Amino acid sequence: MEKVVIIGGGLAGHRAATTLAELRPKQRTVLIHSESGTPYDRPPLSKDFLFEGKRPTLKGSELYTDRVLLRDGTKAIEIDPLRRVVHTDKGEPEHYGKLLITTGSRARQLESFNVDAAQVHYLRTETDALRLRAALVPGRRLAVVGGGFIGLEVSAIARRLGCHTTVIELAPRLLPRTASLSLSKWVASRHASEGGEFRFNSANLRMSNNSKGEVILTWNGGSAVADMVLIGIGIGPNAEIAADAGIDTADGIVVNARCETSVPGIYAAGEVTNYPVPALGRRLRSESWTVAGDQAVVAAQVMCGLDAQYQDLPWFWSDQCSVTIQSLGLPALATRLYRIGDITSERWLEIGADDHGRFVSAVGVNPGRDMTQLRRDAKAGRPMSQDIINRAEEVDPSDLYLELG
């Protein structure tokens, strides 16, 4: 039986490895993981892990003791598609019959600042989270550069740990690329009620240390002082190893619905992929835990000879300030907006449709069963349920999405 090599030990790589072990118990599978230890779950790193310190394990990790060869602490540095070999920084090549790339993403870096490196944090790995957790001491001031979900989740936890938080965002509102205006306002209000502060329109941001060792942040028309800074300005795909091997890339590794790349025998899954979404009539790269896991299952099934395709809408959630925020589809495509519930409450849902009335997105706070129903309908290719249509009210189109992502 030909060997499968997986590059990347995040959720997608882990889910593919466990699926292969289930479908083909005798399958020879090697997982190349650049970090030490077994794969772990990333979403808790900005939430429960920061607060409680418990390592977020993944179901099925026991497979690495005997059924899946885990090469942790090893970085894949080159793919040779002709010889079907993956070269690593350990100097031990891995030959493969099929290759799956699940290299995920990395935090975008912020340049042009002069601050003690010990005071600057990024959050992408367990090591990053451990370092940040140790710094979140009661009474300290945390400045978060970037008003996206990661920055907001960390801000909420930091305040629970007794820190003061200030979020600094380039745009005029929070979540500028992923949320409706009403959701942005709701999130800002909720964080403010818990002591969070915000600074918007922060163009030309600069950072430096003063004589006291504090971090001074300045931008056009404003400034802030902090003891430490978290940079949360998004993530970018780790697609370089694929591009260097001649695999098609475009904001990620280009794949079809079967997770096949442009090179036979090589597949890709997870945040690193640029994949088709037929229901929305476009391709995209999504930063979603659910997409990464489900797409990896499809890749594993296809590598085992099964007829499988990934065609779901992107869906993700964010837990912060004691509520769950969820998003389905692509809000930027909405030209008409419908709402269920009172947007000043802790349970409401906004549904986006295009000019033809077709469902394209949903965002909400604690949306519960309505979001579950929308996900089911979208996956099955059905129109919205009549029950949801009957309860939804169309709202002013000026309350639409302000930035197209």
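Here my numbering is used: position 339 in the sequence shown is 345, and no number is missing along the way. C-beta atoms are modelled at their ideal positions from N, C-alpha and C, and glycine is treated no differently. Just so we're clear, the structure is a prediction, and the values are computed from it rather than from any experiment.
Using only alpha-carbon positions, find the residue among the options that is nearest to residue i.
i	options	result
Arg147	Leu180, Gly219, Leu88, Pro87	Gly219
Leu105	Asp72, Leu339, Ala275, Tyr344	Ala275
Gly227	Pro182, Leu176, Val304	Leu176
Met377	Pro144, Leu355, Asn396	Leu355
Thr224	Arg205, Ile241, Ile239, Gly238	Arg205
Ile259	Ile247, Gly240, Asn280, Val269	Asn280
Thr341	Trp323, Thr330, Asp361	Asp361
Asp348	Gly152, Ala113, Ser188, Gly335	Ser188
Gly2	Thr171, Ala306, Asn215, Glu132	No statement about residue 2 is possible, as the shown extent of the chain runs from 7 to 411 and does not include it.
Asp257	Ser292, Leu29, Tyr273, Ser214	Ser292
Pro31	Leu69, Ile107, Ile253	Leu69
Glu132	Asp54, Ala185, Thr71, Ile107	Asp54
Asp313	Trp321, Ser186, Glu266	Glu266
Ala398	Ile241, Ala368, Ile85	Ala368
Asp318	Ile85, Ile331, Leu290	Leu290
Ala232	Met213, Ile13, Gly311, Trp321	Met213
Phe322	Thr296, Glu200, Ala140	Thr296
Val283	Gly145, Asn262, Ser186	Asn262
Val121	Ser217, Pro337, Pro320, Arg388	Ser217
Phe155	Leu26, Ala230, Ser294	Ser294
Glu246	Ile85, Pro320, Leu26	Ile85
In angstroms, rounded to a whole number, what distance separates the CA positions of residue i and residue j?
i	j	result
Ile394	Val366	15 Å
Ala198	Arg375	28 Å
Cys169	Val193	19 Å
Ala162	Gly103	46 Å
Ala386	Thr35	32 Å
Ser333	Ile357	10 Å
Ala22	Ala135	25 Å
Tyr128	Gly16	17 Å
Ala359	Phe119	42 Å
Leu410	Arg114	In this prediction, Leu410 scores a pLDDT of 35, lower than 50, which makes its location untrustworthy; no coordinate-derived value is stated.
Arg77	Leu37	6 Å
Val329	Ala123	33 Å
Gly79	Ala248	20 Å
Gly363	Arg166	42 Å
Glu95	Met390	The sequence given here has Asp at residue 95, not Glu. Roughly 50 Å separates the two Cα atoms.
Thr71	Gly299	21 Å
Thr413	Ile239	A question about residue 413 goes unanswered here, because the residues of the chain that appear run from 7 up to 411.
Leu56	Ser67	22 Å
Ala251	Val91	11 Å
Glu100	Lys65	26 Å
Tyr316	Gly335	14 Å
Glu58	Ser52	11 Å
Ser42	Ser324	27 Å
Ile331	Leu158	12 Å
Ala285	Pro182	24 Å
Ser186	Lys60	34 Å
Ile237	Leu339	28 Å
Could you tell me how far apart the beta carbons of residue i and residue j are, in whole angstroms, since I believe they sit closer than 8 Å?
i	j	result
Leu235	Val74	Checking the sequence, you will find Val at residue 235 rather than Leu. With 8 Å as the limit, Val235 and Val74 do not qualify as a contact, their Cβ atoms being about 39 Å apart.
Gly243	Val278	Here the sequence assigns Pro to residue 243, which means Gly is not the residue at that position. Right, the Cβ-Cβ distance comes to about 5 Å (below 8 Å), so this counts as a contact.
Thr24	Asp47	13 Å between Cβ atoms; not a contact.
Arg264	Val308	5 Å
Ser190	Leu180	5 Å
Ile174	Leu116	Wrong, their Cβ atoms sit about 11 Å apart, outside the cutoff.
Glu352	Val371	6 Å
Ala302	Thr108	6 Å
Ile241	Ile272	23 Å between Cβ atoms; not a contact.
Leu29	Cys310	5 Å
Quick one: is residue i buried, meaning 16 or more other Cβ sit within 10 Å of its Cβ, or exposed?
i	result
Tyr407	For Tyr407, the predicted structure reports a pLDDT of 47, less than 50, and the residue's modelled location is therefore unreliable. A value from the coordinates is still provided. Buried is the call here.
Leu88	exposed
Ile83	exposed
Val10	buried
Ser208	buried
His20	buried
Arg382	exposed
Ser111	buried
Pro50	buried
Val143	exposed
Gln326	buried
Thr44	buried
Val255	A quick correction: the sequence has Thr, not Val, at residue 255. By the neighbour-count rule (16 or more Cβ atoms within 10 Å), Thr255 is buried.
Glu98	exposed
Thr350	exposed
His39	buried
Asn396	exposed
Ala140	exposed
| task | Within the segment 240-300, note down every full beta strand (DSSP E) run reaching 3 residues or more, in order along the chain. | result | Taking only runs of at least 3 residues, the beta strand (DSSP E) segments lying wholly in the segment 240-300 are 241-243, 272-274, 279-283, 288-290.
| Taking only runs of the alpha helix (DSSP H) that begin and end inside the segment 54-94, which ones reach a length of at least 4 residues, in chain order? | Whole alpha helix (DSSP H) segments, 4+ residues: 54-58.
| said: Report the start-end ranges of each beta strand (DSSP E) in the segment 324-404 that is 3 residues or longer and not cut off at the edges. | reply: Segments of the beta strand (DSSP E) lying fully in the segment 324-404: 329-335, 342-346, 354-359, 365-371.
| request: Scan the segment 150-187 and note each continuous beta strand (DSSP E) run of 3 residues or more that stays entirely inside, going in chain order. | output: Along the segment 150-187, the beta strand (DSSP E) occurs as fully enclosed runs of 3 or more residues at 170-174, listed in sequence order.
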